[in-house]
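For the sequence shown, UniProt numbering assigns the number 1 to the initial residue and increments by one for each residue that follows. Glycine residues also receive a C-beta, built at the ideal position from the N, C-alpha and C atoms. A quick note: this is a predicted structure, and the numbers were derived from the prediction, not measured.
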Amino acid sequence: MKIYNTMSKEKEEFVPIEEGKIRMYVCGPTVYNLIHIGNARPMIVFDTFRRFMEYKGYQVKYVSNYTDVDDKIIKAAVEEGVDCQTITKRYIAEVEKDMADLNIEAASAHPKATEEIGGMVSLIEDLQKKGFAYAVDGTVYYDTTAFKPYGKLSHKNMEDLQSGLRELKVSGEEEKKSPTDFVLWKPKKMGEPYWNSPWSEGRPGWHTECCVMAPKYCGGALDIHAGGEDLIFPHHENEIAQYEAAHGEQFARYWMHNAFINIDNKKMSKSLGNFFTVRDVTSQFDPMVLRFYMLSAHYRSPLNFSKELMQSAKASLDRILSCIWRLEDLLPRLKEQGMSKEEEEALKKVEEYTALFSEKMEDDLNTADAITQIFELVRLANSTVNEESSKDFGSIMKESIAVLVHVLGIRTEKKEEKLDERLEEKVNALIAKRQEAKKNKDFTEADRIRDELLEMGIALKDTRNGVEWQKI
Ligand SMILES: [Zn+2]
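In structure tokens, the structure reads:
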């Protein structure tokens, strides 16, 4: 397996710390709203990496955290007039729902920052003792000038970093010795959640979470640390500075980062109004289409997202799935007979494509080219398996395709019900909205909703028993 390591900027042969085992950590989401498709990309990509390494026989310890204390969470709680836990509990449940929809395997552990504060306080104390941290009026900063390799992951040099950041003074952090120094512990403000510490009642900075939770739940230093490319600096750089200063050993051997998602070739942002949550997309498309779509590009390439591209991903995935389903239907009718010469020849091709699939995946997780091999298998199955085929041949063909599709984390069972359930939910919500509009004598709005439903292929009938609907 070759992995592109952000640290060396090269593809390197993967050699784990312990033979046959992988300790892997992926930075998880801050839980204050529904996750967007940009959050879903690392989840899908690195879950696929994990599945492939398991397919290759590795035992993978896969840890991903929830950041459940953060300024954004506090802001969301204040706006709603509830406590932070109400927000984080709600959105952890929502993330779990999205992950289940996207067929992302549960991690070996999903630690939450608020349950690991003790470990973070100990780490900060240790850093202070070793001369890598200093406290000013209850705030503790990391002294980046004390850690010589600072900047090694992002390949930035200290002077450039400092002059770049000098202009960007964060208010309340004027007492920092160097512009690159970052907060390890900050005192509470009125109404904020807090924990006790030797410095003040307060909370740890975000960068301290992962370097405490990752070694604790992975069982030591990491083979692979992964996340979105926006985390390289400062988040991952700061994690390295803390872990390596405190433990005197390398934090992670390989650093993997996925690229961004663009929407219609523009950067996705809330202010541009081109912002999609996973839920927005999965209410229109099967979540497996989103997963397949994300894997159709290499994880280090920026991915463009549009409805048209999703439609074409759907058509591609349908080709694979309908091939599997046709073989499933055919199998019980196939003959118990020895394989023909042609079938034996075709099996050699199956082996060839299966080996190529692995080869592509082993080249820094080149899912795009690996998928091409699945299409080769589909083409082969479509042209060779028919009513006259032997049962052995038919079932090997079906299995060979299904196994690889499962390595990509794509479900192959038919599941029209779930989509119907979603559609029904949406239709019922719109009908309720239309009833409300009618009650308020807003007939324009009521008609608009009826048209919207018509566009979705749903016709309404006002009956004595209320509104009924049917698919047209
Ligand atoms: Zn992290």
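Pocket of ligand 1 (residues with CB nearer than 5 Å to any heavy atom), chain order
C27 and C210
Hey, how far is the Cα of P42 from the Cα of D143?
30 Å
Contact set for N262: own chain, Cβ-Cβ below 8 Å, skip 5 residues either direction
M268, P302, L303, N304 and F305
DSSP on L419, reduced to helix/strand/coil?
Only weak support is given to the placement of L419: the predicted model assigns it a pLDDT of 48, under 50, and the question is left unresolved by the model.
Around the C-beta of K471, are 16 or more other C-beta atoms found within 10 angstroms, so that it is buried, or is it exposed?
exposed
From I324 to E344, what distance separates their C-alpha atoms?
20 Å
Is Y25 near ligand 3 - that is, is its Cβ less than 7 Å away from at least one heavy atom of it?
Annotation note on ligand 3: not contained in the displayed structure, which lists ligand 1 as its ligands.
Starting from M24, follow the beta strand (DSSP E) in both directions and report where the run begins and ends.
K21 to V26
Looking only at DSSP bridge pairs, what is Q470 linked to?
A459
Among Q162, S122 and H257, which one has its Cα closest to the Cα of H236?
H257
Which value, in whole angstroms, describes the spacing of the CA atoms of K439 and N465?
16 Å
By DSSP, does P16 sit in helix, in strand, or in coil?
coil
Taking all protein chains shown into account, decide if K335 is buried (16 or more other Cβ within 10 angstroms of its Cβ) or exposed.
exposed
Where F132 and E249 are concerned, what is the direct C-alpha to C-alpha distance, given to the nearest angstrom?
15 Å
Cut-off 6 Å between Cβ atoms - residues of its own chain near I458, not counting five sequence neighbours on either side:
V427 and W469
Sort out for me which residues DSSP pairs Y141 with in a bridge.
Y134 and V183
Using DSSP with H/G/I as helix, E/B as strand and the rest coil, what is D363?
strand
Restricting to runs no shorter than 4 residues, where is the alpha helix (DSSP H) found entirely within the segment 339-410?
341-362, 367-384 and 391-407
Unbroken alpha helix (DSSP H) runs of length 4 or more, entirely within the segment 208-255: which are they?
237-247
How about M120 and V26: do their beta carbons lie closer than 8 Å?
no
So what does DSSP say about Y293, is it helix, strand or coil?
helix
Backbone secondary structure at F147 - three-state DSSP
coil
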